[in-house]
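K.L.:
In the numbering used here, the protein residues as written are 165 to 675. Right, I'll just put the structure down here and ask away after.
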Ligand code: NAD
C-alpha cells in the first residue's frame with residue numbers, strides 16, 4: 165500500500181478541510197473498506213454541524229479575495245494543480261482503483277481526465293466571454309457580462325471519485341467561485357488525497373483558506389444542510405435519479421440553483437448496416453467498464469433482427485473471455501462492485517429479469533472463492549428482454565446488459581432508445597448515412613449525448629457533458645458549461661443626453 169503513504173494518507177484522518185487546515189477528526193467515523201479485498205484501510209472523521217458552519221464562514225471570507233484575482237491568474241493556480249496531479253497520477257489512480265474497484269487503467273484515466281480539465285481551464289480562464297448586442301435606442305450600448313456566483317457546493321457520486329469534482333471545481337475556480345466538495349461516503353479517501361494535492365498549491369501561492377474546501381459527513385448533518393443553505397449559491401449534484409429528485413426539490417424550495425447530473429439508461433442501436441468490428445468491443449467496454457457502474461454504461465442493446473443472432477454469438481464469446489478479479493492487475497477486465505449493497509441490487513435485478521419474462525444468456529452469479537473474499541465480485545451478465553419490462557426501465561448500477569430485438573426501420577430503434585425516463589447517453593452503429601443522420605436529427609435520439617460508431621461511455625472533456633429528462637438537464641465540463649457557474653448580467657449603458665425608453669414608451673414629467 166505504498167500509494168497511501170505517497171499521497172500522505174494515514175489510517176485515521178479528518179474528512180473536513182478548509183483548504184490546508186483540517187478540522188477536528190470527529191468522534192464519529194466512516195470505516196472505509198476496499199471492495200477489492202475487503203480490508204478496512206481508512207477511518208474518516210465525519211464533519212459536525214459546527215465544522216460545516218466553519219467551512220461556510222471560511223468560504224464566505226475567501227470569495228471576495230478569490231474573485232478579485234484576475235481570471236487568468238486563477239487559471240494559473242489551476243494549471244499548477246494540473247502539474248501537481250501529473251506527479252501523483254500513478255498513486256492517485258491506484259487509490260481510485262483500490263477504493264472503488266475500477267480497473268487500474270480506468271483509475272489512471274480518471275486522473276488524466278482531471279489533468280485534461282485543468283489544462284482546458286487554463287485557456288478557458290482567458291475566454292469568459294460576454295456577448296455584445298445592439299440597442300434599439302440611440303447612443304446606448306447593450307451587452308452581457310459574466311460575474312462570479314459565490315459558493316459552489318459539489319456533491320459527487322462514488323463512481324468517479326475525482327473526475328466529477330475536477331469538471332466542476334476547476335471550472336468554478338476560474339469563474340471566481342469558491343467550492344465546497346461533499347464526496348460520496350463510499351469513496352472519501354480519494355477526495356482527501358485530492359484535497360491534499362490542492363492544499364500544497366494553495367500553500368505555495370499564499371492563498372487563503374476557503375477557496376477549495378472538503379466536507380465528509382452524514383446526509384442529515386452535511387448533505388441536506390448544503391441543499392437548504394441559502395449561503396450556497398449553486399449546488400452541482402451528481403448521483404442517482406432518486407437522490408437528485410430530493411436535491412432538486414430542496415434547493416428549489418429556496419429558489420437556489422442546481423446542476424443535476426443524474427442516472428442514465430443508455431442504449432446502443434445496432435442496425436443492419438453496423439460494422440461489428442467496431443461494435444463488439446465498444447459494447448463490451450461500455451457494458452463492463454467500471455463493472456457497469458458508469459452513468460454512461462451501456463445498459464441496452466437495440467439490435468436489428470437481421471443481425472441479432474450474430475451479435476449475440478459475438479457477445480457470448482467475448483463475455484466468456486472476460487477476466488474478473490483484482491482490478492489492480494492489468495490482466496483483469498473487470499473488478500468488484502462498490503459494496504455488498506450493490507451486489508444485492510444486482511441479485512435482485514437478476515431475479516426480476518426472469519420473473520418479468522427475460523432470459524439470462526450469460527452470467528447472473530456472485531463470484532466466490534479465492535480472490536473474491538470481499539464478496540463484491542459478480543459475473544458480467546447478458547439478458548434477453550423486451551424494452552417495456554419494468555426492470556429495463558430503471559438503472560441497475562451493475563454490469564447487466566439487455567439485448568432487445570427490433571424490426572423495420574431505424575425509427576423503430578430510435579423509439580425504443582427514447583422510451584425510458586432517463587436521457588443521458590446513446591449511440592448508433594451504422595455505416596448508412598440516412599440512418600445516422602436520422603438518429604442525430606430532431607426526431608432522433610433524445611439524449612444529451614449521441615454518438616456514432618463509438619460506444620455510450622468515455623466522454624471527452626471538451627464537450628458539454630450531461631443528459632435530458634430524468635438525468636436532470638445539467639451540463640458540465642467543456643463547451644459553454646462554464647456559464648452555469650457564473651452570474652449573467654445584461655448591461656445597458658446610455659451615453660447620450662436624453663432618456664428614450666424601450667419600446668417607444670413615452671413618459672414625461674415636468675419639474
Ligand atoms: P447516490 O445518489 O447514492 O449519491 C450521490 C451523492 O449524493 C453522494 O455524495 C451522496 O452522499 C449524496 N446524497 C444522496 N442523497 C442525498 C440527500 N438526500 N441529500 C444530500 N446528499 C445526498 O449515488 P451513487 O450511488 O454515489 O452514484 C451512482 C449514481 O450516480 C448513478 O445513478 C449514476 O448514474 C449517477 N451518476 C451520474 C453522473 C452524471 O454525470 N450524470 C455521473 C456519475 C454518477
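Don't be surprised by glycine CBs; every beta carbon is placed ideally from N, CA and C. The structure displayed is predicted, hence computed values, not measured ones.
What's the C-alpha gap between residue 663 and residue 280?
P.N.:
Counting from 1 along the chain shown, the entry for residue 663 is found at position 499. Counting from 1 along the chain shown, the entry for residue 280 is found at position 116. Residue 663 and residue 280: Cα-Cα distance of roughly 50 Å.
K.L.:
Does the distance between the C-beta of residue 347 and the nearest non-hydrogen atom of the ligand NAD fall short of 7 Å?
P.N.:
Here the question's residue 347 lines up with position 183 in the chain shown. Answer for residue 347: yes, Cβ within range of the ligand NAD.
K.L.:
Are at least three pairs of beta-carbons, each pair with one atom in the stretch 266 to 281 and one in the stretch 212 to 225, less than 8 Å apart?
P.N.:
Because the criterion of three Cβ pairs below 8 Å is not met, the stretch 266 to 281 and the stretch 212 to 225 do not touch.
K.L.:
Excluding five sequence neighbours on each side, which residues of the same chain lie with their C-beta closer than 7 Å to the C-beta of residue 569?
P.N.:
Start at 1 with the first residue of the chain shown, and residue 569 comes out as number 405. Only 467, 469, 472 meet the Cβ criterion.
K.L.:
What are the boundary residues of the alpha helix (DSSP H) that includes residue 343?
P.N.:
In the chain shown, the residue the question calls residue 343 occupies position 179. Careful: residue 343 lies outside any alpha helix (DSSP H), inside the beta strand (DSSP E) at 342 to 346.
K.L.:
Quick one: give me the first and last residue of the beta strand (DSSP E) that residue 399 is part of.
P.N.:
Reading the chain shown from its first residue, position 235 is the one you call residue 399. That run of the beta strand (DSSP E) goes 398 to 402.
K.L.:
Counting only the same chain and skipping the five closest in sequence on each side, list residues whose C-beta sits under 7 Å from that of residue 252.
P.N.:
Along the chain shown, one-based indexing puts residue 252 at 88. Same-chain partners within the cutoff: 171, 361.
K.L.:
Tell me, which residues are paired with residue 421 by DSSP?
P.N.:
Position 257 of the chain shown, counted from the first residue, corresponds to residue 421. Answer is 398.
K.L.:
Thinking C-alpha only, which one of 577, 197, 388, 643 is nearest residue 434?
P.N.:
Walking along the chain shown from the start, residue 434 turns up at place 270. Looking at the Cα atoms, 577 is the closest of the given residues.
K.L.:
Rounded to whole angstroms, what's the CA-CA distance from residue 672 to residue 665? Just pull it up for me.
P.N.:
Within the chain shown, residue 672 is the residue found at index 508, counting from 1. Within the chain shown, residue 665 is the residue found at index 501, counting from 1. Each residue's Cα considered, the two are about 11 Å apart.
K.L.:
Taking 7 Å as the cut-off, does the CB of residue 323 come closer than this to any heavy atom belonging to the ligand NAD?
P.N.:
Reading the chain shown from its first residue, position 159 is the one you call residue 323. Yes, the ligand NAD has a heavy atom inside 7 Å of this Cβ.
K.L.:
Sorry if obvious, but does the Cβ on residue 411 come closer than 7 Å to a heavy atom of the ligand NAD?
P.N.:
Looking up residue 411 in the chain shown gives position 247. Checking every heavy atom of the ligand NAD against the Cβ of residue 411, one is found closer than 7 Å.
K.L.:
Mind checking who residue 542 pairs with in its DSSP beta bridge?
P.N.:
Counted from its first residue, the chain shown places residue 542 at position 378. DSSP lists 530 as partners of residue 542.
K.L.:
Counting Cβ pairs, one atom from each stretch, are 3 or more of them under 8 Å apart for the stretch 301 to 317 and the stretch 282 to 291?
P.N.:
The answer is no - the stretch 282 to 291 does not touch the stretch 301 to 317, with fewer than three Cβ pairs under 8 Å.
K.L.:
Measure the beta-carbon distance from residue 588 to residue 370 and round it to whole angstroms, keeping in mind my assumption that it falls under 8 Å.
P.N.:
For the purposes of this step, residue 588 is taken as residue 424 along the chain shown, with counting starting at 1. For the purposes of this step, residue 370 is taken as residue 206 along the chain shown, with counting starting at 1. Incorrect: roughly 41 Å between the Cβ atoms, too far for contact.
K.L.:
Let me check one thing: in DSSP terms, what residues is residue 312 bridge-paired to?
P.N.:
Position 148 of the chain shown, counting from 1, holds the residue named residue 312. Partner(s): 650.
K.L.:
Unbroken alpha helix (DSSP H) runs of length 4 or more, entirely within the stretch 578 to 632: which are they?
P.N.:
The stretch 578 to 632 contains these whole alpha helix (DSSP H) runs: 597 to 604.
K.L.:
Output the boundary residues of the beta strand (DSSP E) element that contains residue 200.
P.N.:
Counting from one through the chain shown, the residue named residue 200 turns up at place 36. It is not in any beta strand (DSSP E) - residue 200 carries neither H nor E in the DSSP assignment.
K.L.:
Check whether the stretch 345 to 358 and the stretch 412 to 426 touch, using three or more Cβ-Cβ pairs below 8 Å as the test.
P.N.:
Taking 8 Å as the limit for Cβ pairs, the verdict is that the stretch 412 to 426 does not touch the stretch 345 to 358.
K.L.:
Leaving out five residues on either side along the sequence, give the residues of the same chain with a beta carbon under 7 Å from the beta carbon of residue 391.
P.N.:
Locating residue 391 in the chain shown gives position 227, counting from the first residue. Excluding positions up to five away in sequence, the list reads 399, 411, 414, 415.
K.L.:
Grab the span of the alpha helix (DSSP H) containing residue 281 for me, first residue to last.
P.N.:
In the chain shown, residue 281 corresponds to position 117, counting from 1. Element bounds for residue 281: 268 to 288.
K.L.:
Which residues share a DSSP beta bridge with residue 305?
P.N.:
Here residue 305 refers to the residue found at position 141 of the chain shown. In DSSP, residue 305 forms a bridge with 657.
K.L.:
Give me whichever residues DSSP pairs with residue 377 in a beta bridge.
P.N.:
Taking the chain shown and counting its residues from 1, one reaches residue 377 at position 213. The partner list for residue 377 (beta bridge, DSSP) reads 344.
K.L.:
To the nearest angstrom, report how far apart residue 604 and residue 642 are at their CA atoms.
P.N.:
Indexing the chain shown from 1 puts residue 604 at position 440. Indexing the chain shown from 1 puts residue 642 at position 478. Their backbone Cα atoms lie some 20 Å apart in a straight line.
K.L.:
Output the distance between the C-alpha atoms of residue 554 and residue 560, rounded to the nearest integer angstrom.
P.N.:
Here residue 554 refers to the residue found at position 390 of the chain shown. Here residue 560 refers to the residue found at position 396 of the chain shown. The alpha-carbon atoms of residue 554 and residue 560 are separated by roughly 11 Å.
K.L.:
Is any non-hydrogen atom of the ligand NAD found closer than 7 Å to the C-beta of residue 353, if you look at the structure I gave you?
P.N.:
Along the chain shown, one-based indexing puts residue 353 at 189. Every heavy atom of the ligand NAD is 7 Å or more from the Cβ of residue 353, so no.
K.L.:
State the CB to CB distance for the pair residue 331 and residue 629, rounded to an integer number of angstroms; the pair is presumed to be in contact (CB under 8 Å).
P.N.:
Here the question's residue 331 lines up with position 167 in the chain shown. Here the question's residue 629 lines up with position 465 in the chain shown. The Cβ separation is near 7 Å, so the contact holds.
K.L.:
Rank 620, 318, 195 by C-alpha distance to the C-alpha of residue 445 and give the top, closest one.
P.N.:
Counting from one through the chain shown, the residue named residue 445 turns up at place 281. Of the candidates 620, 318, 195, the one whose C-alpha sits nearest the C-alpha of residue 445 is 620.
K.L.:
Under three-state DSSP, which class holds residue 291?
P.N.:
Translated into positions along the chain shown, residue 291 becomes position 127. Three-state result, residue 291: coil.
K.L.:
If residue 238 and residue 289 are in contact, beta carbons under 8 Å, what's the gap, nearest whole angstrom?
P.N.:
The count along the chain shown starts at 1 and reaches residue 238 at position 74. The count along the chain shown starts at 1 and reaches residue 289 at position 125. Sure, about 6 Å apart at Cβ, within 8 Å.
K.L.:
Could you tell me whether any non-hydrogen atom of the ligand NAD is closer than 7 Å to the CB of residue 383?
P.N.:
By one-based count along the chain shown, residue 383 stands at place 219. Checking the Cβ of residue 383 against the ligand NAD gives yes.
K.L.:
What separation, rounded to the nearest whole angstrom, lies between the Cα atoms of residue 633 and residue 166?
P.N.:
Walking along the chain shown from the start, residue 633 turns up at place 469. Walking along the chain shown from the start, residue 166 turns up at place 2. If I take the Cα positions, the gap works out to 44 Å.
K.L.:
Run the CB neighbour count on residue 396, radius 10 Å, all protein chains shown included, and call it buried at 16 or more, exposed below.
P.N.:
Here residue 396 refers to the residue found at position 232 of the chain shown. Buried, by the Cβ-count rule.
K.L.:
Using 7 Å as the cut-off, classify the Cβ of residue 611 as near or not near the heavy atoms of the ligand NAD, replying yes or no.
P.N.:
For the purposes of this step, residue 611 is taken as the residue at position 447 of the chain shown. Because no heavy atom of the ligand NAD lies under 7 Å away, the Cβ of residue 611 does not count as near it: no.
K.L.:
Let me check one thing: in DSSP terms, what residues is residue 178 bridge-paired to?
P.N.:
As a position in the chain shown, residue 178 is number 14, starting the count at 1. 209, per the DSSP bridge assignment.
K.L.:
Measure from the alpha carbon of residue 506 to the alpha carbon of each residue in 550, 574, 454, 474, then state which is nearest.
P.N.:
The residue given as residue 506 occupies position 342 in the chain shown. Taking only the C-alpha atoms, the option nearest residue 506 is 454.
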